[in-house]
Structure formats: structure tokens, C-alpha cells
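A.B. asks: Got a structure for you, written out below as C-alpha cells; questions coming shortly.
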């Protein structure tokens, strides 16, 4: 079989602009999932982070769809999902639905191997009483990651390949993504996903990504 | 007749196996319940520690224009941070893999010793000991949360083992391009034979036997150095400087090479 590739755009052609961290901090709101008030909140606000405490009662993943950086406690969170692993299960579910988001899980049980294994899908696992320096470094890392469309797509691409998509399908989606970002139109990527003969699960993943991540990235670029 | 003897032996062994099995089950359930206690304790202590850090930091900010109060607030904040560092060390003791998930932070060595000095300032004053940092260092390393324990333990040991009216000095120097930090204090004399064992868990020199302590400080310091690739070496001046309460004292040095 022959494929006509045309002249594909390089992914490195987007997301190369230098990002001012202060500006990025003002654009990215961080979601906190905890059954208790989030202790480092005050210090993080002093350091100009935007924090939204959503509480522990997340009933549907749609509630966090607009947040690119999500910080979750492990105990007492996400009980509605019915797993004894509580927050660890919730983090795993978020990762499945939104592979591009930057997830931070924190717990008092950082020594526990089963707990750490349950949290491997999180980008960072930190102690409940981590120093403010650790929080700042972790959240800045997360913001840098999610504000860059290129890094965001690389996360998504990894998830698509893990789902068994063919390289040619991923390439087509990548080209549509680049066009979406360039032309500030999330529908280009969603339409491409709908037109490809990929699994329904993969389709939904990409459509969700274009409606949340791509729309947010475009909104941020437009200063909305 | 011989079969009877064998059967009896077999039965006794079976009983023993049964007894061991029951004991094993008991130990398993005991270990599970200890694990549950440990889990909930660690979880709660970490929660309180996070709260304490929050309040101490707020106090430190709110007392910005009041130097004396602010110093106390800062000491409180740093001390709260020590709880967190100690728990990070507990994590590694319980499960060495925990080391991999700790986040290193770029930190100045001098600043870390200064922090430990502030935490221990009052204790030193109570023991009539002066703490002094000599020289300077702008060297930074990628420090894990457990790093805080290293300067704290070394200064704490210096205070604990010094006789009154002495000084614990921390010298910052650069030797052959490497940052060296030496903690110098008067302490109970350590023989040449004892020196290599000083970093062993629970080891206590002959002259410190009558003094309080568990022989954990230098062991812990060595572990923290190992996590960070720092060379640690202890030395004691040969000969005795003086005797006090039946204890021989001599100059004691712990050298760190970064």
C-alpha cells in the first residue's frame, strides 16, 4: 500500500516561542482535589499561582476537564468512583481520559510501595508536607509542560500509540493538530479524528483533547 | 515398635508445624495492624506538619517588620521543615525505593548550615555554646528533602558533646576545586581504632558511654551523604586536650567534601 504524505509540517514548528513564566502562571489555573483545605494554598498564592480548590467530591471527570494541571490528595478523594484506592484511582481515571494533563498526586504514605505503584501514572508524586520549594518547582514544571502545545501533543501522541494506532494515523492527527493550533481552530483536529478509521475510544480521546486542551491552548494564545 | 516411634516423631513434627503456622498467622496479623498504625500516624503527622509549615510561614510574613519576633517565626518555620525532612528519611528507611520519588531542589550549602544554626541557636545558648560559620560558599547542590538533616545532625552533635563555654565552628573552604565544609568542636576523645566505626548504626565511643545518645547521628549523616554523593570523614585530634567529669576531651572534626 502507498501513502501520499505530501509535505508534513514538523511538530517542532510549533511551541518554540519562549514563555514568560509569570505570564504562564497567570494563565493556568491549578485544580486541587482534597477533602481538607489545601495547606500550601496561601504560600502558592503569594508566589502568584492560580489555585482552584474543587473539594473531594468529584462525580464526573468533566468537572476537571478545563484544568490542565491537577493536584490530587490520595486519601478521602474521588469516593464517588467507588474504588478503595480513592485518589489513586481517580488520578488513574483522569490519566486515561486526559493523557495530556499534568497530574500531581500527594500523600502521607510516600514510603508505601503499593501506593507508589498505584500512582505511577501521575507526573509527580510528592509528600503531603513537602516544602514550598518542592511545590513551586513541581507546579512550575507542570505549567511549563501544559502551556506548550508541542509538549502537550507529545503526551497525547504517546497515549495514541499505546492504544495501537498506526503511525500513519498518528501522523495525520498530528498534522491536523498543528493546523488547529496555527489556525486557532480546534475543529480541524476533531474532524480529522472523526474521518479516520480508528477505534471509537481513540476518536473520543482526540475529540475530547481538541475540545479541552486545544481550545485552552488557543484561548491562552489569544489571551482569553 | 519402630513404626510407633517414627509415627510419634512425625506427629510431634506435625504439631510443631501447626504451632509455627499459627504463630506465623499471628505475626502476620500483628504486622498488618502495626502497618495500619504506621500508615495512619504518618498520614496524620504529615498533615499536621503541612499545617505547621503553613502557619509558621504566615507568622514569618506577618512579623516582617519586627526583627525579634520574625527571628522566632523563622526558627519555627525551619523547625517545622525538619519534621518533613525527618519523615522523608523515615520513608527511605521503610522503603529505599522512596528515594526515587523525592524531588531534589537546587539549594545553597551555606544557607542550609545557616538554617540549622538558627534552629539550634537557643539550644546552643542554653548549653553555653557558640555556633559560628566561618568563610563563605555560593556552591549549590541538588538537595533531596532529607539533606536538611545533615547540617542539623552535625551541629546538634557538636552542641551535645561539647563541654560548656566552647565554640562549634563550621568552616567553608575550597580545596582543589571542591567545596569542603568542616564542623569543628570539642568532644569526647575518640581512639584511632574507634574512628572507622563512628558511622556505624548504634556505635558509641568508649568515652561517650556515660553521655546521652543512641549512636544514630553520624550514621544518619553518612546515609544522607551517600544519597547525595558527598564524602564524609571524621577525625579526632590525637592526645587529650583536657579532662572534665572523668571524660577525656579532644578536638573533633567532621569533614564534608561536595
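Protein chains in written order, with our numbering: chain A, 2 to 225; chain B, 564 to 821. Even for Gly, the Cβ is constructed at its ideal location relative to N, Cα and C.
Who pairs with residue 114 of chain A in a beta bridge, going by DSSP?
C.D. replies: Beta-bridge partners assigned by DSSP to residue 114 of chain A: none are found.
A.B. asks: Looking at residue 87 of chain A and residue 53 of chain A, is the spacing between their C-beta atoms short of 7 Å?
C.D. replies: no
A.B. asks: If you compare alpha carbons, which of A/144, A/141, A/75 and A/152 is closest to residue 115 of chain A?
C.D. replies: A/75
A.B. asks: How far does the beta strand (DSSP E) with residue 796 of chain B in it reach, from first residue to last?
C.D. replies: 794–799
A.B. asks: Counting contacts by CB-CB distance shorter than 7 Å, is residue 121 of chain A in contact with chain B?
C.D. replies: no
A.B. asks: Is the beta carbon of residue 124 of chain A closer than 7 Å to that of residue 104 of chain A?
C.D. replies: yes
A.B. asks: Residue 102 of chain A and residue 71 of chain A look like a contact to me (Cβ under 8 Å); what is the Cβ gap, rounded to whole Å?
C.D. replies: Right, the Cβ-Cβ distance comes to about 6 Å (below 8 Å), so this counts as a contact.
A.B. asks: Please determine if the region 769–779 of chain B and the region 744–758 of chain B are in contact, where contact requires at least 3 C-beta pairs separated by less than 8 Å.
C.D. replies: yes
A.B. asks: Taking DSSP's pairing of strands, which residues face residue 816 of chain B in a bridge?
C.D. replies: B/747 and B/798
A.B. asks: Tell me which residues of the region 708–719 of chain B have at least one Cβ-Cβ distance to chain A shorter than 7 Å, keeping chain order.
C.D. replies: Within the region 708–719 of chain B, the residues whose Cβ lies closer than 7 Å to some Cβ of chain A are 708, listed in chain order.
A.B. asks: Strictly below 8 Å CB to CB, what residues from chain B border residue 133 of chain A?
C.D. replies: 616 and 620
A.B. asks: Checking 7 Å against the spacing of the C-beta atoms, do residue 700 of chain B and residue 673 of chain B come in under that value?
C.D. replies: yes
A.B. asks: With contact counted as at least three CB pairs below 8 Å, one residue from each stretch, are the region 742–752 of chain B and the region 781–790 of chain B in contact?
C.D. replies: no
A.B. asks: Is the beta carbon of residue 789 of chain B less than 7 Å from the beta carbon of residue 752 of chain B?
C.D. replies: Cβ distance not < 7 Å, so residue 789 of chain B and residue 752 of chain B don't count as in contact.
A.B. asks: Taking only the alpha-carbon atoms, compute the straight-line gap between residue 142 of chain A and residue 205 of chain A and give it to the nearest angstrom.
C.D. replies: Separation of residue 142 of chain A and residue 205 of chain A (C-alpha to C-alpha, rounded to the nearest whole angstrom) is 28 Å.
A.B. asks: Could you work out which residues of chain B lie near residue 36 of chain A, taking near to mean beta carbons separated by less than 7 Å?
C.D. replies: Residues of chain B passing the Cβ test: none, with the nearest at roughly 11 Å.
A.B. asks: Tell me which residue opens and which closes the alpha helix (DSSP H) that residue 570 of chain B is part of.
C.D. replies: 565–625
A.B. asks: Going by DSSP, what residue range makes up the alpha helix (DSSP H) through residue 48 of chain A?
C.D. replies: Here residue 48 of chain A belongs to no alpha helix (DSSP H), and DSSP marks it neither H nor E.
A.B. asks: Helix or strand or just coil, what does DSSP make of residue 59 of chain A?
C.D. replies: In the structure shown, residue 59 of chain A sits in coil (DSSP, three-state: anything other than H, G, I, E or B).
A.B. asks: Is residue 221 of chain A near residue 9 of chain A, with beta carbons less than 7 Å apart?
C.D. replies: no
A.B. asks: Find the residues of chain A that neighbour residue 578 of chain B, judging by a C-beta separation of less than 9 Å, and give them in chain order.
C.D. replies: Neighbourhood of residue 578 of chain B in chain A, by CB distance below 9 Å: empty, with the nearest CB roughly 36 Å away.
A.B. asks: Along the chain, which unbroken stretches of the beta strand (DSSP E) at least 3 residues long are found entirely within the region 673–720 of chain B?
C.D. replies: 692–697 and 703–706
A.B. asks: If distances are taken between C-alpha atoms only, which option among B/619, B/651 and B/795 comes closest to residue 711 of chain B?
C.D. replies: B/651
A.B. asks: Among B/685, B/801 and B/669, which residue has its Cα nearest to the Cα of residue 635 of chain B?
C.D. replies: Minimum Cα-Cα distance from residue 635 of chain B among the listed residues B/685, B/801 and B/669 corresponds to B/685.
A.B. asks: Whole angstroms is fine: what's the gap from residue 621 of chain B's alpha carbon to residue 77 of chain A's?
C.D. replies: 27 Å
A.B. asks: Of the choices B/633, B/809 and B/659, whose alpha-carbon is the least far from that of residue 726 of chain B?
C.D. replies: B/809
A.B. asks: For a cutoff of 7 Å on Cβ pairs, would you count residue 130 of chain A as touching chain B?
C.D. replies: yes
A.B. asks: Rounded to whole angstroms, how far is the Cβ of residue 643 of chain B from the Cβ of residue 615 of chain B, which I believe are closer than 8 Å?
C.D. replies: 4 Å
A.B. asks: Please compile the residues from chain B whose C-beta is within a distance smaller than 8 Å of the C-beta of residue 217 of chain A.
C.D. replies: Chain-order list of chain B residues neighbouring residue 217 of chain A: empty, with the shortest C-beta distance near 26 Å, by a criterion of under 8 Å.
A.B. asks: In this structure, how does DSSP classify residue 4 of chain A when only helix, strand and coil are distinguished?
C.D. replies: Here residue 4 of chain A sits in coil by DSSP.
A.B. asks: Could you tell me whether any Cβ in chain B is nearer than 7 Å to the Cβ of residue 68 of chain A?
C.D. replies: no
A.B. asks: Does the beta-carbon of residue 128 of chain A have 16 or more other beta-carbons within 10 angstroms, so that it is buried, or is it exposed?
C.D. replies: It counts as buried.
A.B. asks: Quick one: grab the DSSP three-state call for residue 95 of chain A.
C.D. replies: helix
A.B. asks: For residue 682 of chain B, which residues in the same chain have their Cβ closer than 8 Å to its Cβ, ignoring the five residues on either side in sequence?
C.D. replies: 638, 641, 642, 645 and 715
A.B. asks: According to DSSP, which residues form a beta bridge with residue 504 of chain B?
C.D. replies: An answer regarding residue 504 of chain B cannot be provided, because it is not within the stretch 564 to 821 covered by chain B.
A.B. asks: Exposed or buried, which one is residue 575 of chain B when buried takes at least 16 other CB atoms within 10 Å?
C.D. replies: exposed
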